Amino acid sequence: MHFSPEEGKSWNTEFPNEICLSLLIERMIPDFAIRTLRLQKIVNDEAESRLVYHYQFLAWPDHGVPPNPGTVVNFLEEINQLESGMTDKRPLIVHCSAGIGRTGTFIAIDLILCFIRKYGLQCTIDIRRTVQMLRSQRSGMVQTEAQYKFVYMSVHYYIDTFAKLLHEHKRIEDTGHEYTNIRYSAEAASNQVIPISPSPF
1 MHFSPEEGKS WNTEFPNEIC LSLLIERMIP DFAIRTLRLQ KIVNDEAESR
51 LVYHYQFLAW PDHGVPPNPG TVVNFLEEIN QLESGMTDKR PLIVHCSAGI
101 GRTGTFIAID LILCFIRKYG LQCTIDIRRT VQMLRSQRSG MVQTEAQYKF
151 VYMSVHYYID TFAKLLHEHK RIEDTGHEYT NIRYSAEAAS NQVIPISPSP
201 F
């Protein structure tokens, strides 16, 4: 499925008002694509335009889960990094084919990781209630057992990686050595993640 025209080209409509969508930049990263688009609407010969930042995750099968949670955590970090630098913040739009399975899983992971970032590793989180809250707003969010377990695996991976970062930062403060960042990676995910049963922390 094509979400945008080719780089440097545009899509146009003429009714009821002319709308032009142009792809300005496309960056391909393993497992996802990042695009900057310009959406322009022309009314009475006056043009109104805005930039659209489009993030597409490429490694998530329908009704399934990605091979490892590290790729999703990386994807979320890319999005959060862009959002944190924006002064005019608008709601994010998340969608998949049906808008409930992969979308619900992605939103559940994002909500919990944002909570951990805000309140720290020692905060109390409740994944079951988070999913129930999402389902109360849209039926069927987090569609399969595998997706539900994947929420736990992603949170576990993030906490484990976050703890390593904090430990490394403390070691640097104690020893005065140069700080080395621990990057989320698929290789690290495949080696470190231990599946955990879906029960509240």
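Going by full-length UniProt numbering, the first residue of the sequence shown is number 1, and it counts up by one from there. All C-beta atoms, glycine included, are put in the ideal place defined by N, C-alpha and C. Computed from a prediction, not measured in an experiment: that's the story for all the values here.
Helix, strand or coil for Leu24 per DSSP? Reading the sequence shown from its first residue, position 24 is the one you call residue 24. Of the three classes helix, strand and coil, the one that applies to Leu24 here is strand, per DSSP.
From the DSSP output, read off the bridge partner residues of Lys41. Stepping through the sequence shown from its first residue, residue 41 is reached at position 41. Paired residues: Ile19 and Glu48.
DSSP puts Gln56 in a beta bridge; with which residues? The sequence position of residue 56 within the sequence shown is 56, counting from 1. Residue pairing by DSSP puts Gln56 in a beta bridge opposite Ala33.
Pull up the DSSP beta-bridge partners for Thr13, would you. Here residue 13 refers to the residue found at position 13 of the sequence shown. Secondary-structure assignment with DSSP links Thr13 through a beta bridge to Ile19.
Are the stretch 160-171 and the stretch 86-103 touching, with three or more C-beta to C-beta distances below 8 Å? For the pair of segments examined, the stretch 160-171 was found not to touch the stretch 86-103: the number of CB pairs separated by less than 8 Å stays below three.
Report the rounded CA-to-CA distance for Val73 versus Ser154, giving the unit in angstroms. Residue mapping note: residue 73 aligns to position 73 of the sequence shown, counting from 1. Residue mapping note: residue 154 aligns to position 154 of the sequence shown, counting from 1. Answer to the nearest angstrom: the Cα atoms are 7 Å apart.
Considering Lys118, what are the terminal residues of the alpha helix (DSSP H) in which it resides? Here residue 118 refers to the residue found at position 118 of the sequence shown. Where Lys118 is concerned, the enclosing alpha helix (DSSP H) stretches over Gly101 to Tyr119.
Using 10 angstroms around the beta-carbon of Met28, count the other beta-carbons present and answer buried if the total reaches 16, otherwise exposed. As a position in the sequence shown, residue 28 is number 28, starting the count at 1. Counting Cβ neighbours within 10 Å, Met28 comes out exposed, since fewer than 16 surround it.
Quick test of the definition: if touching needs 3 or more C-beta pairs under 8 Å, does the stretch 35-44 touch the stretch 118-130? Verdict: no, contact absent.
Throw me the rounded Cβ distance for the Thr103 and Cys96 pair, which I believe falls under 8 Å. As a position in the sequence shown, residue 103 is number 103, starting the count at 1. As a position in the sequence shown, residue 96 is number 96, starting the count at 1. The beta carbons of Thr103 and Cys96 sit about 5 Å from each other, so the pair counts as a contact at 8 Å.
Would you call Asn12 buried or exposed, if buried means 16 or more other Cβ atoms sit within 10 Å of its Cβ? Residue mapping note: residue 12 aligns to position 12 of the sequence shown, counting from 1. Classification of Asn12: exposed, given that the 10 Å Cβ count is below 16.
Could you pull the start and end residues of the alpha helix (DSSP H) that Asn80 belongs to? The residue labelled residue 80 in the question sits at position 80 within the sequence shown. Residues Gly70 to Ser84.
Hey, Thr36 and Tyr53 are a contact pair by Cβ (cut 8 Å); roughly how many whole angstroms apart? If you number the sequence shown from 1, residue 36 lands on position 36. If you number the sequence shown from 1, residue 53 lands on position 53. Going by Cβ atoms, the distance from Thr36 to Tyr53 rounds to 6 Å, so yes, they are a contact pair.
Which one of Ile109, Asp62, Ile100 and Arg38 has the shortest CA to CA distance from Tyr152? Position 152 of the sequence shown, counting from 1, holds the residue named residue 152. Nearest neighbour of Tyr152 by Cα position, chosen from Ile109, Asp62, Ile100 and Arg38, turns out to be Ile109.
Selection from Leu121, Asn68, Gly120 and Thr105 that minimises the alpha carbon distance to Gln132: For this step, residue 132 is matched to residue 132 along the sequence shown. Among Leu121, Asn68, Gly120 and Thr105, the Cα nearest to that of Gln132 is on Thr105.
By Cβ distance below 7 Å, which residues in the same chain neighbour Ser10 in space, the five residues on each side in sequence not counted? Position 10 of the sequence shown holds residue 10. Correct list, in chain order: Cys20, Leu21 and Ser22.
State the DSSP-derived secondary structure class of Leu92, mapped to helix, strand or coil. Residue numbering aside, residue 92 sits at position 92 when the sequence shown is read from its first letter. DSSP places Leu92 in coil when its eight states are reduced to three.
If Val94 and Ile107 are in contact, beta carbons under 8 Å, what's the gap, nearest whole angstrom? The sequence position of residue 94 within the sequence shown is 94, counting from 1. The sequence position of residue 107 within the sequence shown is 107, counting from 1. 6 Å between Cβ atoms; contact.
State the CB to CB distance for the pair Thr144 and Gly101, rounded to an integer number of angstroms; the pair is presumed to be in contact (CB under 8 Å). For the purposes of this step, residue 144 is identified with residue 144 of the sequence shown, where counting begins at 1. For the purposes of this step, residue 101 is identified with residue 101 of the sequence shown, where counting begins at 1. The beta-carbon separation of Thr144 and Gly101, rounded to 7 Å, stays under the 8 Å limit for a contact.
Mind checking which residues open and close the alpha helix (DSSP H) that includes residue 217? This structure cannot settle anything about residue 217, because the visible part of the chain is limited to 1 through 201.
Mind checking Pro69: buried by the 16 CB within 10 Å criterion, or exposed? Numbered from 1 along the sequence shown, position 69 holds the residue referred to as residue 69. Result: buried.
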